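Asker: Protein sequences appear in the order of chains A and B. Everything in the first sequence is counted per the working numbering, starting at 1 for the first residue and increasing by one. Everything in the second sequence is counted per the working numbering, starting at 152 for the first residue and increasing by one.
Protein chains: 2
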Amino acid sequence: MAAYTPAALKTELNERGWRMTPQREILLTTFQNLPKGEHLSAEDLLEVLREKGETVSLSTIYRNLKLLSRMGILRELELAEGHKRYELNQPAPHHHHHLICVRCNRTIEFKNDSVLKAGAKTAQKSGYHLLDCQLTIHAICPTCQRSLLPV
Amino acid sequence: MAAYTPAALKTELNERGWRMTPQREILLTTFQNLPKGEHLSAEDLLEVLREKGETVSLSTIYRNLKLLSRMGILRELELAEGHKRYELNQPAPHHHHHLICVRCNRTIEFKNDSVLKAGAKTAQKSGYHLLDCQLTIHAICPTCQRSLLPV
DNA sequence: GTCAGTGCAAATAATTTGCAAGACG
DNA sequence: CGTCTTGCAAATTATTTGCACTGAC
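1) Rounding to the nearest angstrom, what Cα-Cα distance links T122/A and V199/B in this structure?
2) Take E260/B as the anchor and find which of H248/B, L267/B, V253/B, G270/B has the nearest alpha-carbon.
3) Label Y279/B either buried or exposed according to how many other C-beta atoms from any shown protein chain fall within 10 Å of its C-beta, with 16 as the threshold for buried.
4) In whole angstroms, what separates the C-alpha of S298/B from that of R254/B?
5) Measure the CB-CB distance between R236/B and L300/B and report whether it falls below 8 Å.
6) Can you give me the start and stop residues for the alpha helix (DSSP H) that K161/B sits inside?
7) Rounding to the nearest angstrom, what Cα-Cα distance links N112/A and V207/B in this structure?
8) Given a limit of 7 Å on CB to CB distance, which residues of the region 128-141 of chain A reach chain B?
9) Thinking just about the alpha-carbon of each residue, which of G188/B, T180/B, P244/B is nearest to the one in L216/B?
10) What's the call for S220/B, buried or exposed, on a 16-neighbour Cβ count within 10 Å?
11) Please list the residues of the region 102-130 of chain A that have a C-beta atom closer than 7 Å to any C-beta atom in chain B, keeping them in chain order.
12) Identify whether I100/A lies in helix, strand or coil by the three-state DSSP scheme.
13) Could you give the DSSP three-state label for L191/B: helix, strand or coil?
14) Of the choices A158/B, I212/B, L225/B, Q183/B, whose alpha-carbon is the least far from that of D283/B?
15) Taking CB distances under 8 Å as the criterion, tell me whether P242/B reaches chain A.
16) Which residue from K203/B, P293/B, L230/B puts its Cα closest to that of L185/B?
17) Going along the chain, which residues of the region 68-82 of chain A sit with their C-beta nearer than 7 Å to a C-beta in chain B?
18) In three-state terms, what does DSSP make of Y279/B?
19) What I want to know is whether the C-beta of R226/B ends up closer than 7 Å to one or more non-hydrogen atoms of the ligand ATP.
20) Leaving out five residues on either side along the sequence, give the residues of the same chain with a beta carbon under 8 Å from the beta carbon of L267/B.
21) Going along chain B, which residues have a C-beta under 7 Å from R50/A?
22) Within a Cβ cutoff of 6 Å, which residues of the same chain sit near T258/B, ignoring the five residues on either side of it in sequence?
23) Would you report the Cα separation of P293/B and H138/A, rounded to the nearest angstrom?
24) When the Cα atoms are used, what is the spatial distance from M152/B to E38/A?
25) What are the boundary residues of the alpha helix (DSSP H) that E25/A is part of?
26) Give me the Cα-Cα distance between Q90/A and V151/A, rounded to the nearest whole angstrom.
27) Using the Cα positions of E25/A and P6/A, report the straight-line distance between them to the nearest angstrom.
28) According to DSSP, simplified to helix, strand and coil, what is N170/B?
29) Could you tell me the distance, in whole angstroms, from the CA atom of C295/B to the CA atom of Q124/A?
30) Using 8 Å as the limit for Cβ to Cβ distance, is L99/A near chain B?
31) Going along the chain, which unbroken runs of the beta strand (DSSP E) with 3 or more residues stay wholly within the region 45-94 of chain A?
32) May I ask you to list the residues that DSSP assigns as paired with C284/B?
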């Protein structure tokens, strides 16, 4: 869970026998320049890149979102039903969790260091190498509780 | 997060304008009779039911897995990449979290009451009605760390 | 009796894959 | 220079939906 420069990414890729490519650098910097609290789906990313005048094919986006997540650089979130989203996996002071309304998908980010520590400790105790640790709370927000619609 | 009898499920369904059906009861009891630590996908469930000689159509399974999750009776987990699985949402002493190896998908369940409490408190503080609270840790297991395969 | 719920088959959405061409180390 | 990576188009997979029929309340 550390911040990455393109050079650091290249080093880490090379160590594992992969290559640095312009597409991978674009993805990394795009996530780094994202406003705090924003997370993108594969399609969103395609759109954002198009607006910036860059093009990376959708397959390449999918391939690299998965790769970067498995390296621990991105984290994969399922905030809205059936829509996977990604964000930078940030180190301790910025690390956060999500509280999601299952009806309207309104999402609140919150921090909790003790949860993060509990996660790190659990992974370590079993000899696992930690990549990401996320507490996801599914709930119904005050507004949706008041609505008359069932579920 | 409470244990349900078919009668209690019926009551809760009726309160919200839904109906009890044999299919819904079958799903509930199937999850209740599941060996501890097992979680099923929609397809798995179809298979399990077929073995028991019961039939519920796949669409009905999908519809009700979602309904029961949104009622807080089941919890939806993404343990293996791209495969949603479901298990009974159990009350406090049995409530647990998951540590998952992103390479081989080996999953360890663990308990942590303070995480559960932190989740409940967070939901309450924002006026959300809690349905489920899950800490998911993505990591690489000892065996996969030793393997030579990159990522 | 009415309307929610079901099963079927067809539709949709997200993601993956095969392959030829291009580019990184 | 070998082979990892890309882009494209086609394939696959999971999940959803329309509709006529059935059954719960």
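All C-beta atoms in this analysis are idealised placements derived from N, C-alpha and C, irrespective of residue type, glycine included. Here the structure is a predicted model, which means the values were calculated and not measured.
Answerer: Based on what the coordinates show:
1) 32 Å
2) H248/B
3) buried
4) 10 Å
5) no
6) 157-166
7) 42 Å
8) Y128, H129, L130, L131, D132, C133, Q134, L135, T136, I137, H138, A139, I140, C141
9) T180/B
10) buried
11) V102, I108, F110, N112, S114, V115, A118, G119, T122, A123, S126, G127, Y128, H129, L130
12) strand
13) strand
14) L225/B
15) no
16) K203/B
17) R70, M71, E78
18) coil
19) Because no ligand of any kind appears in the structure shown, any question about the ligand ATP cannot be addressed here.
20) A243, H246, C284
21) Residues of chain B passing the Cβ test: none, with the nearest at roughly 26 Å.
22) L230, H249, I251
23) 31 Å
24) Low local confidence applies: a pLDDT of 48 at M152/B is under 50, so the model's placement there is unreliable, and no value is given.
25) 22-32
26) 34 Å
27) 6 Å
28) It is worth fixing the name first, because residue 170/B is Arg in this sequence and not Asn. If DSSP states are grouped into helix, strand and coil, R170/B belongs with coil.
29) 15 Å
30) yes
31) 74-80, 83-88
32) I137/A
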